[in-house]
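Protein chains in written order, with this note's numbering: chain A, 1 to 351; chain B, 352 to 702.
Backbone N, C-alpha and C define an ideal beta-carbon position, used for all residues, glycine too.
2 protein chains.
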Amino acid sequence: MLLETKNSTGLLGVSPTGIAPTIDDVALHASVSRQTVSNVLNAPDRVRPETIQRVRLSIDTLGYRVNRNARNLRTGTSKVVAYRIPPLAGRLNSVMDTFLHEMTEALELIGYHVLLFTSDSATGEIDTYRELAAQSAIDAVIFAGTERQDQRPERLVASRVPFVSFGRTWGSLNHSWVDVDGRAGTRTAINHLLASGHRRFAWLGSTTGSVVKDERELGVRETLQAAGVPAADLHVLNLVDEPNTDRRLVSAVLDLPNPPTAFVSMSDLQALTVLSELDSRSIVVGRDAAVVGFDDSPIAAYAGGGLTTIRQPITTVTRELARLLKNQLTDPSSKPEGVLLEPELIVRRTG
Amino acid sequence: MLLETKNSTGLLGVSPTGIAPTIDDVALHASVSRQTVSNVLNAPDRVRPETIQRVRLSIDTLGYRVNRNARNLRTGTSKVVAYRIPPLAGRLNSVMDTFLHEMTEALELIGYHVLLFTSDSATGEIDTYRELAAQSAIDAVIFAGTERQDQRPERLVASRVPFVSFGRTWGSLNHSWVDVDGRAGTRTAINHLLASGHRRFAWLGSTTGSVVKDERELGVRETLQAAGVPAADLHVLNLVDEPNTDRRLVSAVLDLPNPPTAFVSMSDLQALTVLSELDSRSIVVGRDAAVVGFDDSPIAAYAGGGLTTIRQPITTVTRELARLLKNQLTDPSSKPEGVLLEPELIVRRTG
Numbered sequence: 001m002l003l004e005t006k007n008s009t010g011l012l013g014v015s016p017t018g019i020a021p022t023i024d025d026v027a028l029h030a031s032v033s034r035q036t037v038s039n040v041l042n043a044p045d046r047v048r049p050e051t052i053q054r055v056r057l058s059i060d061t062l063g064y065r066v067n068r069n070a071r072n073l074r075t076g077t078s079k080v081v082a083y084r085i086p087p088l089a090g091r092l093n094s095v096m097d098t099f100l101h102e103m104t105e106a107l108e109l110i111g112y113h114v115l116l117f118t119s120d121s122a123t124g125e126i127d128t129y130r131e132l133a134a135q136s137a138i139d140a141v142i143f144a145g146t147e148r149q150d151q152r153p154e155r156l157v158a159s160r161v162p163f164v165s166f167g168r169t170w171g172s173l174n175h176s177w178v179d180v181d182g183r184a185g186t187r188t189a190i191n192h193l194l195a196s197g198h199r200r201f202a203w204l205g206s207t208t209g210s211v212v213k214d215e216r217e218l219g220v221r222e223t224l225q226a227a228g229v230p231a232a233d234l235h236v237l238n239l240v241d242e243p244n245t246d247r248r249l250v251s252a253v254l255d256l257p258n259p260p261t262a263f264v265s266m267s268d269l270q271a272l273t274v275l276s277e278l279d280s281r282s283i284v285v286g287r288d289a290a291v292v293g294f295d296d297s298p299i300a301a302y303a304g305g306g307l308t309t310i311r312q313p314i315t316t317v318t319r320e321l322a323r324l325l326k327n328q329l330t331d332p333s334s335k336p337e338g339v340l341l342e343p344e345l346i347v348r349r350t351g
Numbered sequence: 352m353l354l355e356t357k358n359s360t361g362l363l364g365v366s367p368t369g370i371a372p373t374i375d376d377v378a379l380h381a382s383v384s385r386q387t388v389s390n391v392l393n394a395p396d397r398v399r400p401e402t403i404q405r406v407r408l409s410i411d412t413l414g415y416r417v418n419r420n421a422r423n424l425r426t427g428t429s430k431v432v433a434y435r436i437p438p439l440a441g442r443l444n445s446v447m448d449t450f451l452h453e454m455t456e457a458l459e460l461i462g463y464h465v466l467l468f469t470s471d472s473a474t475g476e477i478d479t480y481r482e483l484a485a486q487s488a489i490d491a492v493i494f495a496g497t498e499r500q501d502q503r504p505e506r507l508v509a510s511r512v513p514f515v516s517f518g519r520t521w522g523s524l525n526h527s528w529v530d531v532d533g534r535a536g537t538r539t540a541i542n543h544l545l546a547s548g549h550r551r552f553a554w555l556g557s558t559t560g561s562v563v564k565d566e567r568e569l570g571v572r573e574t575l576q577a578a579g580v581p582a583a584d585l586h587v588l589n590l591v592d593e594p595n596t597d598r599r600l601v602s603a604v605l606d607l608p609n610p611p612t613a614f615v616s617m618s619d620l621q622a623l624t625v626l627s628e629l630d631s632r633s634i635v636v637g638r639d640a641a642v643v644g645f646d647d648s649p650i651a652a653y654a655g656g657g658l659t660t661i662r663q664p665i666t667t668v669t670r671e672l673a674r675l676l677k678n679q680l681t682d683p684s685s686k687p688e689g690v691l692l693e694p695e696l697i698v699r700r701t702g
């Protein structure tokens, strides 16, 4: 049987052997008030560094423990948010690694940790959310890459699991999300390339259908159309994420009588394929051809001596997601909110 | 006050309102044995999919909950492992993103989840481990990038926090680790380049001192020395992780009277700098020059039409780390074990 000691600040110490030291013992030992000890544990920014050091030393010396499981059991919260780390297979979107880092940091600022899991399927993903929530192992869910037929919002609402998504509500259900306007991103890129004098274009999408791809392609198409560029001067290449095959697709379009001179792609990684094919033909990128990536992932600054790319404002995305999540978890009357952010064209050497 | 219902299988249901449904209620509702319900929750691989579906339906219908916090409080475990997600600033090592994915998967196979946190400092990292462990929020720690003066092993042992590391014990302390033999990796790369006829080399390390860098550089130096290559024919470039500066460093060495023809670098990303500089000088990579990266990160297959690189066996690394961690957590008599894995040279177009 566990012995529990509870005190007026609401902190709970648990010891399997007998009487545990209380927050009062720590306060006495450190010659501070009970409130100061509580602040060191819960709001250290309110306490001077020297005091934090002294209180921590007392906590260590006495072996005082705030048992999170006991607190969680009492409050019904875990202060943990689940996130499915995307599969590695054919993963071209290294911006999601940046997203995970920034999300971890943004959630820490509101007092939450990220719990990771993997899943091979959409069904498995939803089951895991529900099981973790049912076990009170998580308070909420963050997921990414919403699709038109996305099951997750509806299922999570039905299971009463709070969530926010990186990706819009494409279905009818209203929920809180943050998204980056990919259509606006490719529009800016195409306008930039038109201003640089390009008249023949290639859009490098992927065979994997996604609403993200559709939006970005739409931005390309509508901007070229508005500028009066004939449809025949836009080559749409759907890459398969296999380097040799993709390179042959790029090669084939360069073999045409009037090949495109401006390439806009779904990701920075895809842009690498174009860069190496252009280099192998001694076409000088930045002078005779332009290549624009998407994401401004870490490789962009290095690729081709500096890849022009469409930057996703990931830090803002994650701060907004954390804000919407906090609203939802702390204010039951809060309304669903959607935040659409504009990406930014980062012009470097390649275009 | 919370009401708790406990039953013979050791599962615990908690309800803030009154009597919670028990595992027996679920078993009765689903017309299965209590053991089968327990298996569905704890060892679903032992149960037929139809039965799992039926039991899950009963669990949902009755609102049965295995409260993880209650279980954790009772067992003193959390089934969670802490991992510090590395800072983004100047992060060239995208192999750590792969590592995190593979680690999450490997830990799931032994029944654990990864809890992420960030930290700006080594001291902050250790403090977070201790605090999470003290709160029983985690059972163990996995960390990466061990250094010679690493404080973490000693501090974690002192705090009785179980851990394993991706990176050797460089100090005197004995603990369980898995590492990749970087020295063997660059040795293999240099021997491959010597066999291809190269006689003048460049090693691209970094100004950031690390034991990982030292080991890899040692592999380059000792292999060239053993092959009788004069020390003057090895150019050591310490890149600063700033693309323009790094490119000028590479450019300067190519301006020398007898420039190197073979480049081995600390990471695939650094290799991009070399590739773009060689391309801009119309030096044909794969014919007149060779470039070898490190990691076989996702970019390697795309860069330069296929970057030759030294692959780290990340899946094996994470499975071994999970095995060593499980030993430590389940068998108090288990001894510290170190596992050193050989990387593999993946030969593609660039060398």
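Taking each of 234/A, 208/A, 54/A and 42/A in turn and checking the Cα distance to residue 27/A, the smallest one comes out for 54/A. Contact note: residue 29/A does not reach chain B at a C-beta cutoff of 9 Å; the least C-beta distance is about 16 Å. Taken through DSSP and simplified to helix, strand or coil, residue 525/B comes out as coil. Straight-line measurement puts the Cα of residue 538/B at about 38 Å from the Cα of residue 684/B.
For residue 269/A, the uninterrupted alpha helix (DSSP H) run begins and ends at 268–280, by DSSP.
Taking the CA atoms as reference points, residue 687/B sits about 9 Å from residue 678/B. At least one C-beta of chain B is nearer than 9 Å to the C-beta of residue 302/A.
Along the region 89–122 of chain A, going in chain order, the ones with a CB nearer than 8 Å to a CB of chain B are 91, 92, 94, 97, 98, 100, 101, 102, 104, 105, 108, 113, 114, 115, 116, 117 and 118. Closer than 9 Å to the CB of residue 50/A there is not a single CB belonging to chain B. Counting other Cβ atoms within 10 Å of its Cβ, residue 438/B stays below 16 and is therefore classed as exposed. For the region 171–247 of chain A, the full-length alpha helix (DSSP H) segments reaching 4 residues or more read 182–195 and 211–226 along the chain. Of 252/A, 260/A, 30/A and 287/A, the smallest CA-CA separation from residue 233/A is found for 260/A. Among the CB atoms of chain A, one or more fall inside 9 Å of the CB of residue 631/B.
Taking 9 Å as the cut-off, the Cβ atoms of residue 114/A and residue 144/A do not count as close. Counting other Cβ atoms within 10 Å of its Cβ, residue 156/A reaches 16 or more and is therefore classed as buried. When C-beta distances to chain B are compared with 9 Å, the residues of the region 237–265 of chain A below that value are 242, 243, 244, 246 and 247, in chain order.
Within the region 671–690 of chain B, contact with chain A at the beta-carbon level (separation under 7 Å) is assigned to no residue. In this structure, DSSP gives residue 392/B a helical state, which the three-state scheme calls helix.
In the structure shown, residue 129/A falls within a helical segment according to DSSP collapsed to helix, strand and coil.
Using a 10 angstroms sphere on the CB of residue 587/B, the tally of other CB atoms stays under 16, which defines it as exposed. Counted as a single uninterrupted DSSP element, the alpha helix (DSSP H) harbouring residue 451/B occupies residues 446–460. Interface criterion met: the Cβ of residue 431/B is under 9 Å from a Cβ in chain A.
When DSSP states are grouped into helix, strand and coil, residue 317/A belongs to the helix group. Between the region 287–304 of chain A and the region 167–180 of chain A there are fewer than three C-beta pairs closer than 8 Å, too few to call the two in contact. Measuring C-alpha to C-alpha distances from residue 671/B to each of 564/B, 530/B, 391/B and 604/B identifies 530/B as the nearest. The shortest CA-to-CA distance from residue 228/A to any of 341/A, 271/A, 191/A and 58/A is the one to 191/A.
Relative to the Cα of residue 462/B, the nearest Cα in the group 396/B, 574/B and 571/B belongs to 396/B. Comparing C-alpha distances from residue 117/A to each of 107/A, 129/A and 109/A shows the shortest one belongs to 129/A. Residue 310/A carries a strand assignment under DSSP once its states are collapsed to helix, strand and coil. Residues of chain A whose Cβ lies closer than 8 Å to the Cβ of residue 436/B are, in chain order, 100, 101 and 104. Take residue 390/B, set aside five residues on each side of it, and the residues of its chain with a beta-carbon closer than 8 Å to its own are 397 and 398, in chain order. When C-beta atoms of the region 564–579 of chain B are compared with those of the region 591–605 of chain B, fewer than three pairs fall below 8 Å, so the two segments do not count as touching. Nearest to residue 616/B by C-alpha distance, out of 577/B, 534/B, 682/B and 632/B, is 534/B. For residue 55/A, the three-state secondary structure derived from DSSP is helix.
Non-local C-beta neighbours of residue 504/B in its own chain, meaning closer than 8 Å and more than five positions away in sequence, comprise 497, 514, 516, 520, 522, 524 and 526, ordered along the chain. For the pair residue 656/B and residue 243/A, the Cα-to-Cα distance works out to about 7 Å.
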